[in-house]
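According to this note's numbering, the sequence shown is numbered sequentially starting from 1.
A virtual CB, placed ideally from N, CA and C, is assigned to each residue, including glycine.
No experiment lies behind these values; they were computed from the predicted model shown.
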Amino acid sequence: MAGITVWPGNPYPLGATYDGGGTNFAVYSEVADRVELCLFDDDGTETHIDMPEREANVWHGYLPRVVPGQRYGYRVHGPYDPHNGLRCNPSKLLLDPYAKAIDGHNEWSDALFAYRFGDPLSRNDADSGPFAQKSVVINPFFDWGNDRPLRIPFWETVIYETHVKGITVRHPGIPDDVRGTYSGLAHPAMIKHFQGLGVTAVELMPVHQFVHDSVLLDRGLSNYWGYNTIGFFAPHNDYASFGGRGGQVQEFKSMVKALHKAGIEVILDVVYNHTAEGNHLGPTLSFRGIDNPAYYRLVDADKQYYYDTTGTGNSLNVRHHESLRLIMDSLRYWVTEMHVDGFRFDLAAALAREFHEVDRLAAFFDLVNQDPIVSQVKLIAEPWDVGDGGYQVGGFPPLWTEWNGKYRDSIRDFWRGEPSSLGEFASRFTGSSDLYEHDGRRPVASINFVTAHDGFTLEDLVSYNEKHNEANGEQNNDGESYNRSWNCGVEGPTDNPDVVALRERQKRNFLATMLLSQGVPMISHGDELGRTQHGNNNVYCQDNELSWIDWAEARNADVLTGFVRRLTKLRADHPIFRRRRFFTGDLVGDTKAPDIAWLRRDGEPMTEDDWNTRSGMTMTVFLNGHGIPERDSLGEPITDDSFLLLFNPLGDKVAFTLPPREFGRTWEVVVNTADPLLATRRKTARAGGQVEVPGHTLEVLRCRY
């Protein structure tokens, strides 16, 4: 690269920006005395170029004829004083925080660490360049055609949480060369599955470039889930089927385009609460060596240490304008350039800690609320972190929806027969107004889930009382120990037909309850296929058959898959199951019935004692289709059929008396979790008549007239 010309360039935008003739490089560092841009040839030859300009703490320069595919990094000269939080060391090659693509993987060596092992305050001047990942200049141009945001309303949304590799790597209908990749996820076989399930959005587990921890690699494991981000703008290169020198960007865009064409939104699970550099004993890969106090929260008493509310060793410094700019620039980039439709924020409470407490008035929320781009996409919080006061379900601002952990816990408790769970269950089933109504939010603020990537699969939820995480190499000490699960009488696999039948029924109970609850349902990938992790509730490090979907075995779950399809269609066809406003309990017009009613098994209204006794765990829920307080696009009132939901979580069958005529005269069964195919469809039932519901069963009846 002899004779390279360097022009002053521009301080904005940050990162490497190719304009068709050359590339502008810009990186922020307030603590640097000098910044070198390092360009790498294919043979590994490294060329150092001093960044010629510094403006508002942004070091920048423009290089003509530097084109997409060029690998690069930075070396930052400045003070190395860990006690004061300063960790500059030009012997460490650093990733661009704004890199749009990253090539290769770190080869773990002591050269990646800025100190000598055994002496955290020492300085290690070994060159990390041969061992470190490299940033890549990308081609920003892409033919999006007529692709545009789908903007599917939350009340019409069914989310499917999935993993790019885990769902595609063993799919027999996907060609071998694209299994486990973005192209595999966009393959017609996958799109057909999503559409058949009635899914309207896929929520992808982390696809930002992440790092595999050396401690896991040493155990023959890896960071499968990806909650260890090092590049907030770069699609993870392991999920690309054609090249890591920028090809992953084009492939990701093609995936989004294909999913949009099929009517499916793309939501990203994003990890802005911490990075892969860990605590004071972690490697120096990017942010730490560029401007440690700007990017990380440090302990005031001794700034060699990191303030951590994430359990990962560090927390991003959302009190600093540069960290906030990084987050907002990243979010806008993924919306405007990559066309994604929303975000699920991992440990989102950490982003609201400007000082110590979680603050719903934090600058991050203000920036999101005021941003004309980010504020218009789906925003989903995981509303907790591991710090003091971190559990914030119901505590996020009005623009946000939340993973409703209380919903998950309540539904699990109800169907495993926990006493005194009925009142909590009723609140969660109807959209959790106690959590969201006080600040003007609606039922869709609740993202309802029974299982997710973190914890048991649905199959394991009904098959294990205890976690079985021995394969993780942590003596079964990792993962949640209190799972609110029930093995239905036998721990793990069994040939007992009664236990197997009960487990299948319980899975249908969970899915039916979730898909017919008010709020936004989220299916965890493979639950509709009977996916098992053999009792492991923390497969974060298991990139193998334990965590991947076994599509060959999934053929045995046709009944369950078909059941889910019918439920999502029932939900889509009937707006009573996806109301935009909370129930009030008031009488509706001429029907002489309320918009919702809670009835005992004898058809009489529930009493206060009924809510608090075990014998009152059975109940009938009446949903009045004429009590929907919304209008359609033409301004006409929305009406629907009325429904009865008969819940029997007890072990024995129960005779339910249907309510009087003002609720409905004749009822027909449309869902029965004990008879998923309705093979023994009974005659229609009339008002005041009795219906026998088997133990551990949910039955749904529709009013015929």
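Tell me whether residue i counts as near the ligand NAD, meaning its Cβ is closer than 7 Å to at least one heavy atom of that ligand.
i           : result
residue 439 : For the ligand NAD, the structure offers nothing, since it holds no ligand at all.
List the endpoints of the continuous beta strand (DSSP E) containing residue i.
i           : result
residue 378 : 378-381
residue 436 : Per DSSP, residue 436 belongs to no beta strand (DSSP E); it is in the alpha helix (DSSP H), 433-436.
residue 651 : Note, residue 651: premise wrong, no beta strand (DSSP E); not H, not E.
residue 700 : 697-703
residue 269 : 265-270
residue 50  : 46-50
residue 59  : 58-64
residue 204 : 201-204
Do you know whose CA, among the options, lies nearest residue i's CA?
i           : options            : result
residue 311 : 265, 546, 282, 278 : 278
residue 113 : 582, 129, 611, 225 : 129
residue 576 : 612, 15, 515       : 515
residue 222 : 472, 508, 637, 385 : 472
residue 619 : 588, 659, 591, 635 : 659
residue 332 : 106, 635, 372, 272 : 372
residue 380 : 203, 300, 556, 528 : 203
residue 625 : 663, 602, 635, 611 : 663
residue 166 : 598, 196, 242, 551 : 551
residue 696 : 628, 97, 501, 306  : 501
residue 439 : 389, 601, 360      : 360
residue 499 : 488, 509, 184, 177 : 488
residue 90  : 55, 56, 31, 101    : 31
residue 192 : 504, 314, 264, 547 : 264
residue 546 : 567, 307, 602, 468 : 468
residue 485 : 417, 519, 526      : 417
residue 210 : 269, 259, 606      : 269
residue 147 : 104, 262, 376, 216 : 262
residue 604 : 689, 542, 521      : 689
Going by beta carbon distance, what residues of the same chain come within less than 7 Å of residue i, once the five residues before and after it are set aside?
i           : result
residue 693 : 646, 648, 653, 654, 656, 699
residue 408 : 449, 450
residue 470 : 476
residue 40  : 46, 71, 72, 134
residue 479 : 467, 469, 537, 538
Considering residue i, what are the terminal residues of the alpha helix (DSSP H) in which it resides?
i           : result
residue 167 : 164-168
residue 551 : 551-554
residue 568 : 558-573
residue 248 : 247-261
residue 193 : 188-197
residue 182 : 182-185
residue 608 : 608-611
Quick check on residue i: does DSSP put it in helix, strand or coil?
i           : result
residue 12  : coil
residue 138 : coil
residue 498 : helix
residue 107 : coil
residue 155 : helix
residue 333 : helix
residue 548 : coil
residue 81  : strand
residue 215 : helix
residue 594 : strand
residue 131 : helix
residue 119 : strand
residue 506 : helix
residue 161 : strand
residue 375 : helix
residue 583 : coil
residue 576 : helix
Keeping to the same chain, check which residues put their C-beta closer than 8 Å to that of residue i; ignore five residues upstream and five downstream.
i           : result
residue 684 : 666, 667, 668, 704
residue 53  : 8, 9, 11, 59, 60, 61
Below 6 Å CB to CB, which residues in the same chain sit around residue i once its five sequence neighbours on both sides are set aside?
i           : result
residue 82  : 121, 304
residue 137 : 16, 18, 23, 68, 70
residue 85  : 292, 293, 298, 303
residue 284 : 92, 114
residue 214 : 108
residue 155 : 444, 578, 580
residue 239 : 164, 181, 182
residue 430 : 518, 583
residue 258 : 186
At 4 residues or longer, what runs of the alpha helix (DSSP H) sit wholly inside the segment 621-694? Entirely contained in the segment 621-694, not one alpha helix (DSSP H) run reaches 4 residues.
Please list the segments of the alpha helix (DSSP H) lying wholly inside the segment 401-477, counting only runs of 4 or more residues, in order along the chain. Counting whole runs of 4 or more residues, the segment 401-477 contains the alpha helix (DSSP H) stretches 405-415, 422-429, 433-436, 458-461.
Can you list the alpha helix (DSSP H) stretches of 4 or more residues lying completely in the segment 281-369, in chain order? Qualifying alpha helix (DSSP H) stretches, in chain order: 287-295, 321-336.
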